[in-house]
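All you need for my numbering is the position in the first sequence, starting with 1, plus 21. No residue lacks a Cβ here, since even glycine has one placed at the ideal position from N, Cα and C. Please read the structure below before turning to the comments.
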Amino acid sequence: MQRRATMPCPSPLTQARLVRYPMGMSIRIATWNINSVRLREETVLRFLREAGPDVLCLQETKSPDAAFPHDGFDAAGYTHRHVRGEKGYNGVAILSRLPLEPLTHRDFCGKGDCRHIAASVGGMTVHNFYVPAGGDVPDREANDKFGHKLDFLDEMRDWFGPDGNAPGGPSVLVGDLNIAPQEHDVWSHKQLLKVVSHTPIEVEALEAVRASRDWIDTAREITPADEKLYSWWSYRSKDWSAADKGRRLDHIWITPDLRGALRSCDTHRDVRGWEKPSDHAPVVATLDV
DNA sequence: ATGGCCGCCCTAGGCGGA
């Protein structure tokens, strides 16, 4: 956390919608699919040292809560944590160096898996999601995993919508949403139209989630839509960076009342090139609240 | 255009990832 040097000067139109805090401060929120937090504890600690986010939301921790590596994060100053994991698969966690108040999670699709966790931090509700990948075949009749993905997205839409009971107020929705919605969120729009993560039916379902609270896609608020933007590169590419066949699967969304607070959203692509990396790179947004 | 790699689990091939 650092003090803001200069106050923003919002237009009268947006001023009324801004959330006001007694002291201006800058909150940096990161999301990262870590693909095993125990295997990559040192990698997470390095990222915390070098990037210094205030809040880090992890997905695919693949660790039961009893085995979560708490000590290293304590020592690094991330003493406020809310974790929800299971053995082998899935798992989400929120680490924070700001005080954090755990909120109740929702068991999407009633499967008892660990794909959502929420907390209140810095006056905002933070939702951390790991949306199902959806398997290989983009057809719910032929592939139960794809059906699960679509059902999960529909439930998100309804929960955040006017008839749902998701918490209100200024909110941040982050995570591995496993969908690259826009043309330039993938290396080849044409070649990926029938590939799970970029099919029109998934993109439409994700757009309905976004519209449920008029969520703002912070990365595309900062980076123009005609610029390529990825957060994931397959392990199967020999030279992932040169081939650069990436997809933008990891997202940070904010509610409209935080629009005026958004300062930056960056993908830490270099982290994908570290030793024994996750196949996802962290994404970090800065909010002056 | 395709095949290509990871990490997990009651250690070894199967599952899930995307």
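Can you give me the Cβ contacts of residue i inside the same chain, cut-off strictly under 7 Å, excluding the 5 residues immediately before and after it?
{"i": "residue 291", "result": "none"}
{"i": "residue 107", "result": "85, 134, 135"}
{"i": "residue 210", "result": "204"}
So which of the options has the shortest CA-CA distance to residue i?
{"i": "residue 195", "options": "306, 178, 260", "result": "306"}
{"i": "residue 179", "options": "91, 127, 105", "result": "127"}
{"i": "residue 268", "options": "222, 81, 288", "result": "288"}
{"i": "residue 124", "options": "188, 90, 213", "result": "188"}
{"i": "residue 243", "options": "285, 231, 213, 281", "result": "285"}
{"i": "residue 278", "options": "119, 90, 190, 107", "result": "190"}
{"i": "residue 311", "options": "81, 119, 99", "result": "The requested residue 311 is not part of the displayed model; the chain covers only 22 to 310."}
{"i": "residue 70", "options": "53, 45, 99, 89", "result": "99"}
{"i": "residue 235", "options": "49, 276, 263", "result": "276"}
{"i": "residue 199", "options": "157, 258, 211", "result": "157"}
Less than 8 Å between the C-beta atoms of residue i and residue j, yes or no?
{"i": "residue 304", "j": "residue 271", "result": "yes"}
{"i": "residue 247", "j": "residue 274", "result": "no"}
{"i": "residue 227", "j": "residue 174", "result": "yes"}
{"i": "residue 206", "j": "residue 250", "result": "yes"}
{"i": "residue 75", "j": "residue 141", "result": "no"}
{"i": "residue 78", "j": "residue 51", "result": "yes"}
{"i": "residue 167", "j": "residue 233", "result": "no"}
{"i": "residue 102", "j": "residue 114", "result": "yes"}
{"i": "residue 111", "j": "residue 95", "result": "no"}
{"i": "residue 220", "j": "residue 159", "result": "yes"}
{"i": "residue 230", "j": "residue 177", "result": "yes"}
Output needed for residue i: all residues of its chain with C-beta closer than 8 Å, excluding positions within five of it in sequence on either side, in chain order.
{"i": "residue 255", "result": "261, 266, 300"}
{"i": "residue 297", "result": "60, 61, 64"}
Whole angstroms is fine: what's the gap from residue i's alpha carbon to residue j's?
{"i": "residue 144", "j": "residue 162", "result": "43 Å"}
{"i": "residue 129", "j": "residue 137", "result": "8 Å"}
{"i": "residue 85", "j": "residue 93", "result": "16 Å"}
{"i": "residue 294", "j": "residue 132", "result": "34 Å"}
{"i": "residue 55", "j": "residue 185", "result": "30 Å"}
{"i": "residue 47", "j": "residue 121", "result": "16 Å"}
{"i": "residue 302", "j": "residue 183", "result": "33 Å"}
{"i": "residue 72", "j": "residue 57", "result": "20 Å"}
{"i": "residue 252", "j": "residue 240", "result": "11 Å"}
{"i": "residue 224", "j": "residue 83", "result": "27 Å"}
{"i": "residue 222", "j": "residue 169", "result": "13 Å"}
{"i": "residue 89", "j": "residue 201", "result": "30 Å"}
{"i": "residue 164", "j": "residue 66", "result": "38 Å"}
{"i": "residue 245", "j": "residue 91", "result": "38 Å"}
{"i": "residue 139", "j": "residue 208", "result": "32 Å"}
{"i": "residue 259", "j": "residue 45", "result": "45 Å"}
Within the same chain, show all residues whose beta-carbon is closer than 6 Å to that of residue i, passing over the 5 residues directly before and after it, in chain order.
{"i": "residue 217", "result": "155, 159"}
Per the contact definition of three or more C-beta pairs closer than 8 Å, is the stretch 192-209 in contact with the stretch 149-165? Yes, they touch.
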